[in-house]
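>
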Amino acid sequence: MADQNPSPEQLAQVDYRPNGRGWLDPRVEFRKGTYCYSAAPKNLIALGLPNPREWQPYDQDWKLPPDWKETILAGMKERLDRYRSFRLFMDICVRCGACADKCHFYLGSGDPKNMPVLRAELIRSVYRRYFTTAGRLFGSAVGARDLTEDVLKEWFYYFYQCTECRRCSVFCPYGIDTAEITMIGRELLTLVGCNINWVLEPVANCFRTGNHLGIQPHGFKDSIDFAVDELEEITGIHVDASINRKGAEVLFVMPSADYFGTPHYYTLLGYLALFHEIGLDYTLTAYASDGGNFGLFTSHEMVKRLNAKVYAEARRLGVKWILGGECGHMWRVLHQYMDTMNGPADFLEVPVSPVTRTRFDHAASTRMVHICEFTADLIRNGRLNLDMSRNDHWNVTFHDSCNPSRAMGLIEEPRYIIRNTCRSFHEMPENTIREQTFCCGSGSGLGTDENLEMRLRGGFPRANAVRYVRDKHGVNVLACICAIDKATLPPLLEYWAPGVDCAGVHEFVGNALVMKGERERTTDLRGEPMAAPKEKLAHA
Ligand code: SF4
Ligand code: SF4
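FYI, my numbering numbers position 70 of the sequence shown as 858, with every residue one higher than the one before it.
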């Protein structure tokens, strides 16, 4: 596909008929546009991971270590013993099929092995063969199969066609979380040196410098200084954004994309304006310069290694609590793993807003509050002077990013902020938002160009809902609170729903915020004329 550049109309013609081969047949075709390139040896070496070598998924010989099979089976046993959820998910699926049509990759590709139930069966069949009596005795008659190189290749193909979004788990009557099965599958593959570069390069950079791009502390400072200057040009106000300042009350951690990507960057301008306006005593850190954590897409061990820097920096700087920016998987890590893996954070205090005195008791263990919770509280207590008309050029819909919505229930706060900063807001259809939201199709480290066809296919259900509100209500911007979304939704929308932009929620806050002493605003945070109606959409 990547060579042929099919039109959206062609790509939307999905063939849902099975290919006629039984599901136990593991052979896959590594077709250009549908898989990711292997991790470069230098990145495995940097992380101390096994079997660094040159190889690609389409190679016949993957140069596996001689004992690869024993390594995988020993790894499975260890994880079955350590994670009760993994063992449970191997045993309790009744193959009811309730999850079958809930995965965006199945909907966009028609490939049955992208049904969550079948994705899990890829590993469950090996579990049966080696870890159950029935599987040992009756083999394929009970859905068991040997672990072969073809099976391993099939794992690689399909576990890197799952964005670990957890949509399927919402519909499973047994609560089976296929994302966790994918995570274990990727972890096992990593044991024999099979990983993708789009995940491991950011991990290696993060391990070395604290952020995904490998930006050094002076580069981080330059980026923040640049943002401060730009905000001054727009508002006439010079804000102070201190870095590595000991004794500040709050440590602010954001995804690194906020200071090197667009539209993320406008979100950063929004944060800086907000913090200045409320007089927040905060510091950034050049060492925990990324809340993002691609370790989540590699292994539990890697999650822990990359996350440790957040508490370490909070301790070093002597802050009272931590505030976190707009990111997706960063919050899954913070919300579900950080305290267990790197806590207890008893050297910090339970977060209390210095402006409203609201005590965030739900963050009593992590000691970390989401920027949307913090800002929504400010608005609710009437502490911000907001001119909603400054966002009149935006006709907004909101994409619930998978991790904040499904993994931590952050659903109302961003909507509350949007409704208080923008006058035009329209929801997408109910079965495509909130807990049932559709993934961007590029999360969990799959946002690379070589698998663009799968990204466009996987993102189709999301984009289709955007297209619906674009055509019905003239929506021209999709808001979200995830750095990966902000990077991957623009090309997706350009393909499936042209005319719709993408923005972070705090960009709207920065536009609407009337700052004390500001000069008359003539442009928004993008440097575009303030509230000038966008070019009318042809279909609106
Ligand atoms: S919905 Fe749950 S029990 Fe049913 S097939 Fe899917 S994973 Fe298995
Ligand atoms: S976690 Fe998401 S991408 Fe993975 S199987 Fe479930 S619905 Fe599909």
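Ideal Cβ positions, reconstructed from N, Cα and C, are used throughout, including at glycine.
In the DSSP assignment, find the unbroken alpha helix (DSSP H) run with residue 1056 in it and report its ends.
Run containing residue 1056: 1052-1066, per the alpha helix (DSSP H) assignment.
> Please give the ranges of any alpha helix (DSSP H) in the stretch 1162-1250, keeping only runs that are unbroken, at least 4 residues long and fully inside the region.
For the stretch 1162-1250, whole alpha helix (DSSP H) runs of length 4 or above, ordered along the chain, are 1200-1209, 1240-1246.
> Helix or strand or just coil, what does DSSP make of residue 1070?
The answer is strand: DSSP assigns residue 1070 an E or B state.
> For the stretch 797-815 against the stretch 896-916, are there 3 or more C-beta pairs whose distance is under 8 Å?
Verdict: yes, contact present.
> At 3 residues or longer, what runs of the beta strand (DSSP E) sit wholly inside the stretch 1275-1325?
Fully enclosed beta strand (DSSP E) runs of 3 or longer: 1289-1292.
> Please report the distance separating the alpha-carbon of residue 1096 from that of residue 794.
The straight-line gap from Cα to Cα measures roughly 44 Å.
> Residue 1026 by DSSP, collapsed to three states: which one?
Looking at residue 1026 - three-state DSSP - the assignment turns out to be coil, as it is neither helix nor strand.
> Locate the alpha helix (DSSP H) running through residue 769, then write down its first and last residues.
Beyond the ends of the chain as shown, which are 789 and 1328, falls residue 769; an answer cannot be given.
> CA-CA distance, residue 755 and residue 1210?
In the structure as shown, the chain begins at 789 and stops at 1328. Residue 755 is therefore absent and cannot be evaluated.
> Strictly by DSSP, which residues pair up with residue 1109?
Beta-bridge pairing links residue 1109 to 1038.
> What first and last residue would you give for the beta strand (DSSP E) that runs through residue 1267?
From DSSP, the beta strand (DSSP E) with residue 1267 extends over 1265-1268.
> Whole-angstrom Cβ separation of residue 954 and residue 965, contact assumed at under 8 Å?
Right, the Cβ-Cβ distance comes to about 6 Å (below 8 Å), so this counts as a contact.
> Count the other C-beta atoms from every protein chain shown that fall within 10 angstroms of the C-beta of residue 1220, then say buried if there are 16 or more, exposed otherwise.
Residue 1220 is buried by the Cβ-count criterion.
> How is the beta strand (DSSP E) around residue 1158 delimited, first residue to last?
That run of the beta strand (DSSP E) goes 1156-1158.
> Is it the case that the Cβ atoms of residue 1094 and residue 995 are separated by a distance below 8 Å?
Yes; because the gap between Cβ atoms is below 8 Å, this pair is in contact.
> Would you identify the three-state DSSP class for residue 1147, choosing helix, strand or coil?
In the structure shown, residue 1147 sits in a strand (DSSP, three-state: E or B).
> So, are the CB atoms of residue 1069 and residue 1089 less than 8 Å apart?
It is not a contact, given that the beta carbons lie outside the stated cut-off.
> Would you say the beta carbon of residue 883 is closer than 7 Å to some non-hydrogen atom of ligand 1?
Checking the Cβ of residue 883 against ligand 1 gives yes.
> Let me know the alpha helix (DSSP H) ranges lying completely inside the stretch 868-894, each 4 residues or longer, listed in chain order.
Qualifying alpha helix (DSSP H) stretches, in chain order: 872-879.
> Around the Cβ of residue 999, are there at least 16 other Cβ atoms within 10 angstroms (buried) or fewer (exposed)?
Buried.
> Take the Cβ of residue 822 as the centre, count every other Cβ of all protein chains shown within 10 Å, and call the residue buried at 16 or more, exposed below.
The residue in question, residue 822, is buried, as its Cβ has 16 or more Cβ neighbours within 10 Å.
> Where does residue 732 fall in DSSP's three states?
Since the displayed the chain opens at 789 and closes at 1328, residue 732 lies outside it and no answer follows.
> Could you have a look at residue 964 and say whether DSSP puts it in helix, strand or coil?
DSSP places residue 964 in coil when its eight states are reduced to three.
> Ligand 1 and residue 915: does the residue's C-beta get closer than 7 Å to at least one heavy atom of that ligand?
No, the Cβ of residue 915 stays beyond 7 Å of every heavy atom of ligand 1.
> Would you identify the three-state DSSP class for residue 1328, choosing helix, strand or coil?
Low per-residue confidence applies at residue 1328: pLDDT is 35, beneath 50, and the placement is therefore not dependable enough to give any value.
> May I ask you to check if the CB of residue 992 is nearer than 7 Å to at least one heavy atom of ligand 2?
Result no, Cβ not under 7 Å from ligand 2.
> Tell me whether residue 1398 sits in a helix, a strand or coil according to DSSP, three-state version.
In the structure as shown, the chain starts at 789 and stops at 1328, and residue 1398 therefore has no counterpart that could be examined.
> Which residues bound the alpha helix (DSSP H) around residue 766?
The chain is shown only over 789 to 1328; residue 766 falls outside these bounds and no answer can be derived.
> What's the C-alpha gap between residue 819 and residue 846?
Rounded to whole angstroms, residue 819 to residue 846 spans 8 Å at the Cα level.
> Go ahead and pull the three-state DSSP assignment for residue 860.
Looking at residue 860 - three-state DSSP - the assignment turns out to be helix.
> Can you find the residues in the same chain that come closer than 7 Å, C-beta to C-beta, to residue 1199, ignoring five residues on each side of it along the sequence?
Once the five neighbours on either side are set aside, the close Cβ partners of residue 1199 are 1188, 1193, 1222.
> In the DSSP assignment, find the alpha helix (DSSP H) that holds residue 918 and state where it starts and stops.
Run containing residue 918: 904-919, per the alpha helix (DSSP H) assignment.
> Reducing DSSP to helix, strand and coil, say where residue 808 ends up.
Looking at residue 808 - three-state DSSP - the assignment turns out to be coil, as it is neither helix nor strand.
> Would you mind giving the Cβ-Cβ distance between residue 1039 and residue 1102, rounded to the nearest angstrom? I have them listed as a contact below 8 Å.
With 8 Å as the limit, residue 1039 and residue 1102 qualify as a contact, their Cβ atoms being about 5 Å apart.
> For residue 1291, I'd like the list of residues in its chain whose CB is within less than 6 Å of its CB, leaving aside the five on either flank, ordered along the chain.
If we look at residue 1291 and ignore the five residues flanking it on each side, its Cβ neighbours are 1051, 1265, 1267.
> According to DSSP, is residue 1140 helix, strand or coil?
Correct three-state label for residue 1140: strand.
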